[in-house]
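Below is one structure, written out as structure tokens; the observations come after it.
There are 2 protein chains.
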Amino acid sequence: MLNLQSESPARWLQQVDTNLEEVLIDHAHCEHKAAATAMSLMGSYIDNLNLCQEMTRIVDEELEHFHRVLDLLARRGIAFRRLPPGHYGRRLRALVSPHEPQRAVDRLLVAGLIEARSCERFRLLADHVCDAELAEFYRSLFESEARHHTTYVRLAKHFADESTVRQRLRELALAEAAIIAEGHPLPRMHS
Amino acid sequence: MLNLQSESPARWLQQVDTNLEEVLIDHAHCEHKAAATAMSLMGSYIDNLNLCQEMTRIVDEELEHFHRVLDLLARRGIAFRRLPPGHYGRRLRALVSPHEPQRAVDRLLVAGLIEARSCERFRLLADHVCDAELAEFYRSLFESEARHHTTYVRLAKHFADESTVRQRLRELALAEAAIIAEGHPLPRMHS
Numbered sequence: 386m387l388n389l390q391s392e393s394p395a396r397w398l399q400q401v402d403t404n405l406e407e408v409l410i411d412h413a414h415c416e417h418k419a420a421a422t423a424m425s426l427m428g429s430y431i432d433n434l435n436l437c438q439e440m441t442r443i444v445d446e447e448l449e450h451f452h453r454v455l456d457l458l459a460r461r462g463i464a465f466r467r468l469p470p471g472h473y474g475r476r477l478r479a480l481v482s483p484h485e486p487q488r489a490v491d492r493l494l495v496a497g498l499i500e501a502r503s504c505e506r507f508r509l510l511a512d513h514v515c516d517a518e519l520a521e522f523y524r525s526l527f528e529s530e531a532r533h534h535t536t537y538v539r540l541a542k543h544f545a546d547e548s549t550v551r552q553r554l555r556e557l558a559l560a561e562a563a564i565i566a567e568g569h570p571l572p573r574m575h576s
Numbered sequence: 386m387l388n389l390q391s392e393s394p395a396r397w398l399q400q401v402d403t404n405l406e407e408v409l410i411d412h413a414h415c416e417h418k419a420a421a422t423a424m425s426l427m428g429s430y431i432d433n434l435n436l437c438q439e440m441t442r443i444v445d446e447e448l449e450h451f452h453r454v455l456d457l458l459a460r461r462g463i464a465f466r467r468l469p470p471g472h473y474g475r476r477l478r479a480l481v482s483p484h485e486p487q488r489a490v491d492r493l494l495v496a497g498l499i500e501a502r503s504c505e506r507f508r509l510l511a512d513h514v515c516d517a518e519l520a521e522f523y524r525s526l527f528e529s530e531a532r533h534h535t536t537y538v539r540l541a542k543h544f545a546d547e548s549t550v551r552q553r554l555r556e557l558a559l560a561e562a563a564i565i566a567e568g569h570p571l572p573r574m575h576s
């Protein structure tokens, strides 16, 4: 359902275990970035009404998640702060075509793959972390991430035919899996 | 209350009268741009919790307004489309300092002045247009624009002291009034 071409490696869960606070702070940033991505897509394709409706829903949900993570950080006495980014977002954005309408397809599919990876990782974390509040929190998020993934893939089909989208999704998902396999030394939601 | 240094000229109402459809389409774009501005400010000053809370509220409200304008266009059979922009936003953005923390003050005050001008013009339109549905629609918007103006000016004081903000607000409002006095041949919400 999520169209990912790999499962997250055990290495990542070890990174989370030894750097949970930093991963939680990064999680808040990820929710904000997901909202900003949806807003940016709306600006680029503003004459597509269905896209605007769906992006508005995603902006609302991601900002709500952002504030839920900030509340969780505050309850735990963890100061929210800027973090140097990992390479996941930058590497994925480098795969996006500069030419329309391929650019629209790529931006939507990349956004969809990030949602898919987040969903897969929230599910892993929900089963992995011993902290019951945190496990429940992750569990409460993955349904909406899966739904956002589906929405982005569906919207990509406004800009290319079904088989073109399927093929490009597979290509981008393979590239995403390679970025994940490579990993990153900074502990992040997508390291 | 709105800190504007001029009233809109009668010329603008004449432009609206002869180009109402185009002004309505531009209004939808303005609501989206107001949401995008708030999202962008949140990204730039994400470690300021109160700013993030207020920007989230503004994003939600402006996107709701955006969809209300789109619905109104649809009910009237007016196709929403891209429009070449006027010069108002570009000219105001050119006044923003490239150096922090002055940049934060300027971005917030410019956003606040755009809200103030929108508020002043919604009030004018509510009294001017003969169309009762449209008059009521404009009336329903200006309270939130005035509130957004107040929020932006208050947030600017997170980045500079009260008297510095007051003085810069006056400078920027004088520049805004000059841009408005100059006008623009394209019929826009801020021409």
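If you read the sequences in order, they're chains A and B.
Residue numbers for the first sequence follow the numbering used here, so the first one is 386 and each next one is one higher.
Residue numbers for the second sequence follow the numbering used here, so the first one is 386 and each next one is one higher.
Virtual Cβ for every residue (Gly too), placed ideally from N, Cα, C.
Asked                                                                                                                                                                                                    : Found
Do the region 411 to 429 of chain B and the region 448 to 457 of chain B touch if we need at least three Cβ pairs shorter than 8 angstroms?                                                              : yes
Please identify the residue among B:Asn433, B:Arg478, B:Ala423, B:Met427 whose C-alpha is closest to the C-alpha of Ala558 (chain B).                                                                    : B:Arg478
Quick one: using the 10 Å Cβ neighbour count with 16 as the cut-off for buried, is His484 (chain A) buried or exposed?                                                                                   : exposed
Between which two residues does the alpha helix (DSSP H) carrying Cys437 (chain A) extend?                                                                                                               : 434 to 460
Can you confirm whether Ala421 (chain A), when its beta carbon is compared against all beta carbons of chain B, has any partner nearer than 9 angstroms?                                                 : yes
Pick from A:Glu567, A:Ala541, A:Leu554: whose alpha carbon is nearest that of Ala489 (chain A)?                                                                                                          : A:Ala541
Whose C-beta lies closer than 6 angstroms to the C-beta of Phe527 (chain A) among residues of the same chain, with five residues either side of it excluded?                                             : Cys504, Phe507, Arg508
In terms of residue numbering, what span does the alpha helix (DSSP H) encompassing Cys515 (chain A) cover?                                                                                              : Here Cys515 (chain A) belongs to no alpha helix (DSSP H), and DSSP marks it neither H nor E.
Taking only beta-carbon atoms, is Asp411 (chain A) less than 9 angstroms away from chain B?                                                                                                              : no
Output, in chain order, the set of chain A residues within a Cβ distance shorter than 8 angstroms of Asp445 (chain B).                                                                                   : Asp445, Leu448
Take the Cβ of Leu434 (chain A) as the centre, count every other Cβ of all protein chains shown within 10 Å, and call the residue buried at 16 or more, exposed below.                                   : exposed
Which residue wins for smallest C-alpha separation from Arg573 (chain B), given the options B:Leu389, B:Leu405, B:Ser391, B:Met386?                                                                      : B:Leu405
Is it the case that the region 465 to 479 of chain A contacts the region 427 to 443 of chain B, given that we only count it when at least three CB pairs across the two stretches are under 8 angstroms? : yes
To be precise: take each residue of the region 523 to 549 of chain A, compare its Cβ to all Cβ atoms of chain B, and keep it if any distance is under 7 angstroms. Which residues remain?                : none
Rounded to whole angstroms, what's the CA-CA distance from Tyr537 (chain B) to Ala560 (chain A)? Just pull it up for me.                                                                                 : 42 angstroms
Going along the chain, which residues of its own chain have a beta-carbon closer than 8 angstroms to the beta-carbon of Val481 (chain A), five neighbours each way excluded?                             : Arg488, Asp491, Arg492, Val495
Let me make sure I understand the geometry here. Which of A:His575, A:Asp516, A:Arg396 has the alpha-carbon closest to that of Ile499 (chain A)?                                                         : A:His575
Please report the distance separating the alpha-carbon of Ala562 (chain A) from that of Leu554 (chain A).                                                                                                : 12 angstroms
Measuring straight from C-alpha to C-alpha, what distance separates Ile565 (chain A) and Tyr473 (chain A)?                                                                                               : 8 angstroms
Less than 7 angstroms between C-beta atoms, sequence neighbours within five positions excluded: which residues of the same chain meet that for Asp411 (chain B)?                                         : Leu468, Arg573, Met574
Among A:Gln438, A:Leu426, A:Arg532, A:Leu519, whose alpha-carbon lies nearest the alpha-carbon of Glu502 (chain A)?                                                                                      : Here the sequence assigns Arg to residue 502 (chain A), which means Glu is not the residue at that position. When each option's Cα is compared against that of Arg502 (chain A), the closest is A:Arg532.
Tell me the residue span of the alpha helix (DSSP H) that contains Gln390 (chain B).                                                                                                                     : Element bounds for Gln390 (chain B): n/a, residue is neither H nor E.
Taking the C-alpha atoms as reference points, what is the distance between Asp516 (chain A) and Glu439 (chain A)?                                                                                        : 33 angstroms
Can you pull the chain A neighbours of Asp456 (chain B), defined as C-beta to C-beta under 9 angstroms?                                                                                                  : Within 9 angstroms Cβ-Cβ: nothing; Asp456 (chain B) doesn't reach chain A, min ~10 angstroms.
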